[in-house]
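What the sequence shown shows, in my numbering, is residues 4 to 229, in sequence order.
Backbone N, C-alpha and C define an ideal beta-carbon position, used for all residues, glycine too.
Report on one structure; see the data block that follows.
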Amino acid sequence: MVHFSGELPEDRWRAAWRRNLLLGLVQAFVIPLLAIGVVVAVALFAANGGVKFLVAFAGLAAVVIAMRRRDNFFHLAALSVAPIIAAAFFFVADAVDEYTLEQRGKEANCVVRDIDTRVETSTTTDASGYTSTTSTTYYDHRLDCPGGGPGEMTLRSRAADVGASVLVAYDPAKNVAPRPVSGVDSSPDIVWTCVLVGGAIALRVASTTGHAITTRRRHRRISARG
4 MVHFSGELPE DRWRAAWRRN LLLGLVQAFV IPLLAIGVVV AVALFAANGG
54 VKFLVAFAGL AAVVIAMRRR DNFFHLAALS VAPIIAAAFF FVADAVDEYT
104 LEQRGKEANC VVRDIDTRVE TSTTTDASGY TSTTSTTYYD HRLDCPGGGP
154 GEMTLRSRAA DVGASVLVAY DPAKNVAPRP VSGVDSSPDI VWTCVLVGGA
204 IALRVASTTG HAITTRRRHR RISARG
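Put into structure tokens, the structure is as follows:
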């Protein structure tokens, strides 16, 4: 947020204060929606066989422009963009995949022929130097599906025992990974995304408004002493 000098004429100071507040509020809405829009576009392109890097490049260009035009971009990123990106990766991409399966997916009653279990481990280090390790177990199902259905399906849990049948939803274009029909429902992911987007916007609006009020009160105290 821009800090105004108390030496400005009062009318110019108020005009600059209002302009800065308005711009901050606009950014509070635009930046989170831009972030979520980029992720949705990338996910849609991926689901439809598009070129993902073009959309990603457009999003990166928008971020660079925002950084050049506003010196408080990093405050915006910390309060708005970060949770939106998190919501995007965990909810939006999954919602787009499930929506794609709902719209154009086909169903096949498949027999589980074999299940291979594998564990993937990842290690991350935060800014304080604290290192944490997480392990994720994946179950690679080998399927026997009629009518050109998928030959394999990877999940984080067993869909059925070996030799049992499972109803599988799959994308004929093979751009979206198959999953059990019982797990195809985009509604919860969409709801959670809306909640997180709304929360991030509200947080930024509150932060911007609070800073503006504090700045105006400080200006009044300085003016009163002068």
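Boundaries of the alpha helix (DSSP H) in which SER3 is found, first to last residue: Residue numbering for the chain in the displayed model covers 4 to 229; residue 3 lies beyond these limits and cannot be assessed.
Close beta carbons around GLU105, own chain, < 7 Å, minus the five adjacent residues each side: Start at 1 with the first residue of the sequence shown, and residue 105 comes out as number 102. Only residues of its own chain outside the window of five on either side were considered, and among them VAL187 and SER189 have a CB closer than 7 Å to the CB of GLU105, listed in chain order.
Spatial distance of VAL5 from ARG220 (CA atoms): Along the sequence shown, read from residue 1 onward, the residue named residue 5 stands at position 2. Along the sequence shown, read from residue 1 onward, the residue named residue 220 stands at position 217. For VAL5, the predicted structure reports a pLDDT of 47, less than 50, and the residue's modelled location is therefore unreliable. A value from the coordinates is still provided. Going by the C-alpha atoms only, they are around 15 Å apart.
Helix, strand or coil at ALA111 according to DSSP, with G and I counted as helix: Residue mapping note: residue 111 aligns to position 108 of the sequence shown, counting from 1. Of the three classes helix, strand and coil, the one that applies to ALA111 here is strand, per DSSP.
Distance, PRO181 Cα to THR157 Cα: Here residue 157 refers to the residue found at position 154 when the sequence shown is read from its first residue. Here residue 181 refers to the residue found at position 178 when the sequence shown is read from its first residue. Looking at the two C-alpha atoms, the distance is approximately 8 Å.
Cβ contact check for the region 212 to 226 and the region 118 to 132: 3 or more pairs under 8 Å: no
C-alpha distance - ARG228 paired with ALA19, whole-angstrom precision: Translated into the one-based positions of the sequence shown, residue 228 becomes position 225. Translated into the one-based positions of the sequence shown, residue 19 becomes position 16. Between ARG228 and ALA19, the C-alpha separation is close to 21 Å.
LEU37 to ASP119 span [Cα, whole Å]: As a working note, residue 37 is residue 34 in the sequence shown. As a working note, residue 119 is residue 116 in the sequence shown. Rounded to the nearest angstrom, the two C-alpha atoms are 40 Å apart.
Proximal residues to ALA50 (C-beta, below 7 Å), its chain only, five neighbours per side dropped: On the sequence shown, position 47 is the one that residue 50 refers to. If the five residues before and after ALA50 are omitted, its C-beta is found closer than 7 Å to the C-beta atoms of VAL99, ASP100, THR103, ASN178 and VAL179, all from its own chain and listed in chain order.
For PRO149, the three-state DSSP class (helix, strand or coil): For this step, residue 149 is matched to residue 146 along the sequence shown. It is coil, neither helix nor strand.
Beta strand (DSSP E) segment containing VAL169, residue limits: Here residue 169 refers to the residue found at position 166 of the sequence shown. That run of the beta strand (DSSP E) goes 168 to 173.
At least 3 beta-carbon pairs within less than 8 Å: the region 107 to 123 vs the region 133 to 144: yes
Start-to-end residues for the alpha helix (DSSP H) that takes in GLY27: Position 24 of the sequence shown, counted from the start, is the residue given in the question as residue 27. First-last of the alpha helix (DSSP H) with GLY27: 13 to 50.
Neighbour-count burial assignment, PRO162, 16 or more Cβ in a 10 Å radius: Position 159 of the sequence shown holds residue 162. First, the amino acid is wrong: residue 162 is Ala here, not Pro. The residue is buried, with at least 16 neighbouring Cβ atoms inside 10 Å.
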